Amino acid sequence: MRWTVNERIQHWILAISFIVLVISGFALRYPDTWWAIPMVVGDSIDLRSIVHRVAATINTAVAVYHIGYLLFTTRGRFQLKQLILKPEDFRYMRDKILQNLGVKTQPILFKHYTYWEKFEYWALIWGTIVMLVTGISLWFENFFLQYFSLFYLDVARVIHYYEAILASLSILVWHFYFVIANPETYPVNFSMFNGHLTHEEMVAEHEGELKEILEEEQNKV
6 MRWTVNERIQ HWILAISFIV LVISGFALRY PDTWWAIPMV VGDSIDLRSI
56 VHRVAATINT AVAVYHIGYL LFTTRGRFQL KQLILKPEDF RYMRDKILQN
106 LGVKTQPILF KHYTYWEKFE YWALIWGTIV MLVTGISLWF ENFFLQYFSL
156 FYLDVARVIH YYEAILASLS ILVWHFYFVI ANPETYPVNF SMFNGHLTHE
206 EMVAEHEGEL KEILEEEQNK V
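In this note's numbering, the protein residues as written are 6 to 226.
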């Protein structure tokens, strides 16, 4: 079992809210583009703002739930333990680079998560925090202006914009490659739907964990 039903629901809520945030956010920034025009009602930006804020609220809610899930459930604590970067991850990264260069041919025994999955996860956490802090500042700008200068909001707006670009590109280029274009998972990684990895996928990217599972099953016999 790669993902439980709970984890898959979290993933899909996060994915959908993220896509809506990207579309509505750039519609606010570029209201004259063809894909933003349907969201513009007359001279008002209310529709775009409402959609963006609802999606942001949902995204934040699932993030808060995810933190609780990691800290207060047995399965969540297991996942958190697997997601923590360890010294061996950097050795795996070195070995993977050497393997891609043709210098190393020995299989790399990745465990539950590969180093790039861990990097992507923690990048998501960092990006969510940045977008949440800057987004709340822009949403409640009158409140924040009571305590901070206009310069702070200008900086928050710039950071929010460029972090949005970075996050969008990281999903389109990085995440989509590993779950769609990657030869080991093409045409798509079906674990997001059924929660399972095939034996071939386990051998390709999680052989270390596969060996542990097989050894554990053998010991039970």
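Note that the Cβ used here is the ideal one computed from N, Cα and C, for glycine as well.
Bear in mind that the values here come from a model prediction, so they are computed numbers and not experimental data.
- Rounded to whole angstroms, Val163 and Ala66 show a C-alpha spacing of 24 Å.
- A straight-line Cα-Cα distance of about 17 Å links Asp51 and Ile141.
- In the three-state DSSP reduction, Ser29 falls in the helix class (H, G or I).
- In the three-state scheme derived from DSSP, where H, G and I count as helix and E and B as strand, Asn199 is classed as helix.
- In the displayed model, Pro188 falls within coil according to three-state DSSP, outside both helix and strand.
- Comparing alpha carbon positions, the residue from Lys123, Ala172, Thr139 and Lys116 closest to Phe156 is Thr139.
- If you draw a 10 Å sphere on the C-beta of Gln223, you find fewer than 16 other C-beta atoms in it, and that means exposed.
- CA-to-CA, the gap between Trp8 and Phe31 works out to about 32 Å.
- If you draw a straight line from the Cα of Asn147 to the Cα of Ala61, it is about 19 Å long.
- Contact between Val56 and Ser29 holds: CB atoms are separated by about 4 Å, below the 8 Å threshold.
- 8 Å or more divides the Cβ of Arg53 from the Cβ of Tyr166.
- Between the beta-carbon of Tyr120 and that of Met98 there is about 5 Å, and that keeps the pair under the 8 Å contact cut.
- A straight line joining the alpha-carbon of Lys216 with that of Asp37 spans about 55 Å.
- Taking the CA atoms as reference points, Ala169 sits about 24 Å from Glu12.
- Assigned with DSSP and collapsed to three states, Met136 falls in helix.
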